[in-house]
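In terms of the numbering used here, the sequence shown is residues 164 to 739. Glycine residues also receive a C-beta, built at the ideal position from the N, C-alpha and C atoms. Report on the following structure.
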Amino acid sequence: MTYLFNDPTKFANELVEGLVAAHSSRLFRVDGGVIRRHKAKPGQVVLVIGGGSGHYPAFGGFVGSGMAHGAAMGNIFAAPSAQQICNVAQAVNSGGGILFCYGNYAGDVLNFNQAQERLRALGVDVRTVVVTDDTASAPFSEKHKRRGIAGTLPVFKAAAVAADSGKSLDDVFRIATAANDRVRTLGVAFSGCTLPGAEKPLFEVEIGKMEVGMGIHGEPGLYRLDATTADGLAALLVDKLLAEIPAVISSPKGARIGVIFNGLGAIKYEELFVVYRKIDQLLSARGLIIAEPEVGELITSFDMAGVSLTLFWMNDELEQTWIAAVDTPAFRRGNVTPSSGEAVDTTALKNPHQLNTGSKQSQAVAAVVFAAFEAAWQVIDKNQDELGRLDAIAGDGDHGIGMHRGLTAAVTAAKEALVAKAGAGTLLKVSGDAWSDQAGGTSGALWGVILRELGDVLGDEARPSTSAIAAGTAAALRGVTDLGKAQTGDKTMIDVLHPFAAALACGASRGLSIPDAWAAATIIADEAAQATARLLPKIGRARLHAEKSIDSPDPGAISMALIIRSVGEVLTERCS
Ligand code: ADP
Ligand code: MG
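Structure below.
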């Protein structure tokens with residue numbers, strides 16, 4: 164249960180404000196996250212981390228000397244948008260290149276990749292290390308598919324120490340990659356978490372059971388066991404992790420390891436220490452040498468009752484980074500020399516939108532598009548809970564909230580564009596930016612692309628024909644495929660967008676009016692959305708629990724079909 168909040172939709176924003184107020188000697192707030200108060204040395208590499216909010220100390224609590232230079236902070240459990248990441252990255256860029264480092268979640272990968280492309284196009288050298296320490300989320304043979312949890316900490320630290328010591332981007336990348344190769348985590352949960360304003364937990368664990376390998380967004384665990392004693396749990400975690408010692412470690416006897424015993428939100432420190440006592444005994448009995456263990460809350464999931472154990476199998480170089488001094492809001496160790504860098508000037512970082520005035524015709528079209536956004540908002544508002552329920556079956560349950568947040572931002576941006584007499588193309592593009600910026604997550608990034616592509620094709624001059632709408636939808640489909648890499652049949656929104664685009668093209672070639680072509684394509688979109696129930700998810704969060712989603716349609720496909728239908732009603736009313 165989250166007891167203290169104001170407006171739940173402002174929770175993430177307000178927590179960043181408070182974090183910065185409490186740590187004003189260390190942190191600065193920028194649009195999209197927080198950065199170190201003092202500038203990095205000119206020409207050095209900087210480390211940008213990030214992820215959804217709700218996991219404190221990850222990620223804003225890990226910004227400061229000896230750790231990240233900046234953290235992009237998304238909404239609750241939603242990846243930060245590409246724009247947020249770019250803002251943070253540009254604020255800390257010191258000219259020596261940027262390393263992006265974050266946990267492996269589809270939404271984060273999508274948005275960080277987009278940000279990386281944008282920054283590279285501006286001539287900034289950006290590399291990425293995605294952390295994959297969660298042993299429960301895929302077999303070792305598919306380590307690149309594993310999620311990132313508490314093992315992000317030693318990887319961040321390795322990258323940051325290397326960057327601050329003046330190493331090249333290649334070296335920082337190599338060291339962070341080595342750290343990720345050598346870190347393993349396993350977690351268990353005893354209860355779910357309740358997000359601010361929610362009436363019930365996002366997911367539940369049966370009383371007396373524990374879910375082994377449950378994800379930090381409530382992604383279901385891999386199996387359920389009877390809850391055990393503190394010592395029993397210590398033995399389970401140690402045994403499982405010692406069954407996967409990295410191949411570079413010739414023998415565990417005498418190996419030096421960093422250890423993190425992490426609480427996920429609702430476990431008392433006292434309980435953590437009772438379990439850690441046994442973990443220490445078991446690891447020591449195997450001849451392992453523990454260096455600087457960390458017991459406490461390092462990556463959490465609101466009030467989820469759970470713990471995770473991380474083993475970091477170090478070499479000499481990595482051990483130096485693990486024991487190095489650090490001074491961040493949530494993680495401090497040793498004595499850090501006060502920074503001599505000057506304070507960052509954030510006034511230069513504002514990036515106001517350019518609103519192009521449209522032709523008279525295009526302004527009239529913009530008014531119809533605005534009405535379409537309002538209709539879409541209404542249908543998502545009505546179906547928000549159901550979309551969340553569908554997403555919780557195999558994903559993380561945030562699809563309804565995310566779509567609602569995105570559309571709310573899109574409607575506000577569209578309204579501003581309308582008042583500024585923007586054309587339809589510009590209105591679509593600024594709304595798309597606002598959507599992806601506020602919604603975060605996978606679907607936020609993809610809807611941003613859809614609206615931007617559509618806006619590009621429609622432009623700010625002409626009154627669009629049915630062919631132009633069909634061409635815009637085809638461009639949107641290409642954009643979504645390029646960014647998200649899903650194909651037809653993977654159980655995603657593509658399974659609706661693809662047949663919908665084809666049906667619109669068919670309507671255009673038959674000479675149908677926009678409302679008629681749209682209405683015919685809506686029937687196809689509805690059927691396609693329902694038909695996703697029979698598919699197995701092959702991409703995104705739902706992939707891990709594919710079989711659980713058989714017989715339920717894909718949430719992103721359903722929300723798209725709902726939006727298509729509501730937009731069609733506006734088109735019939737306004738364009739006939
Ligand atoms: P997240 O997965 O980040 O929690 P949402 O829950 O808002 O984001 O959206 C989930 C939906 O996004 C899925 O139901 C699916 O339709 C869509 N989706 C996920 N990954 C992809 C992808 N790679 N390509 C296209 N659509 C995707
Ligand atoms: Mg989701």
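* **Beta-bridge partners of GLY266, as assigned by DSSP** => VAL294
* Asked: Between the beta-carbon of VAL542 and the beta-carbon of LEU734, is there less than 8 Å?
  -> Taking 8 Å as the Cβ cut-off, VAL542 and LEU734 do not qualify as a contacting pair.
* Residues that ILE212 bridges to, as DSSP identifies them -> ALA234 and CYS264
* **Touching by the beta-carbon criterion (3+ pairs, under 8 Å), the stretch 657 to 669 and the stretch 682 to 699** => yes
* Taking all protein chains shown into account, do 16 or more other C-beta atoms lie within 10 angstroms of the C-beta of PHE475, making it buried, or fewer, making it exposed? -> buried
* Beta-carbon contacts of THR291 that lie in its chain and below 7 Å, excluding the five residues immediately before and after -> PHE263, PHE275 and GLN279
* Asked: Of all the options ALA637, ALA342 and CYS669, which has the alpha carbon lying nearest to the alpha carbon of VAL411?
  -> ALA342
* Asked: Within 10 angstroms of its Cβ, does THR392 collect 16 or more other Cβ (buried), or is it exposed?
  -> By the neighbour-count definition (other C-beta atoms within 10 Å, threshold 16), THR392 is an exposed residue.
* So, is ARG189 buried or exposed, given that buried needs 16 or more other C-beta atoms within 10 angstroms? -> buried
* Any heavy atom of the ligand MG within less than 5 Å of residue CB: hits in chain order -> ASP554, GLY558, ASP559, ASP561 and HIS562
* To do: Determine, using beta carbons only, whether GLY213 and ILE248 come nearer to each other than 8 Å.
  => yes
* Asked: Three-state secondary structure (DSSP) at GLY224?
  -> helix
* Using a threshold of 8 Å, state whether the C-beta atoms of ASP271 and ALA242 are closer than that. => Yes; because the gap between Cβ atoms is below 8 Å, this pair is in contact.
* Beta-ladder partner(s) of MET373, from DSSP -> LEU388
* Can you check DSSP and say which residues form a bridge with GLU457? => Under DSSP, GLU457 forms a beta bridge with ILE423.
* Asked: So, using beta-carbon positions, are ARG200 and VAL507 closer together than 8 Å?
  -> yes
* Local Cβ density within 10 Å of ALA580, reported as buried at 16 or more and exposed below that -> Buried.
* Which first and last residues belong to the beta strand (DSSP E) in which PHE475 is found? -> Run containing PHE475: 468 to 476, per the beta strand (DSSP E) assignment.
* Buried or exposed: VAL547, going by 16 or more other Cβ atoms within 10 Å of its Cβ? -> Here residue 547 is Gln; the residue named in the question, Val, does not match the sequence. The residue in question, GLN547, is buried, as its Cβ has 16 or more Cβ neighbours within 10 Å.
* Which term fits PHE366, buried or exposed, when burial requires 16 or more other beta carbons within 10 angstroms of its beta carbon? -> buried
* List the endpoints of the continuous alpha helix (DSSP H) containing VAL528. => 523 to 557
* Taking the continuous beta strand (DSSP E) assigned at ARG191, which residues delimit it? -> The question names Arg, but residue 191 is Phe in the sequence shown. Note, PHE191: beta strand (DSSP E), 190 to 193.
* Asked: Any heavy atom of the ligand ADP closer than 7 Å to the Cβ of GLY196?
  -> no
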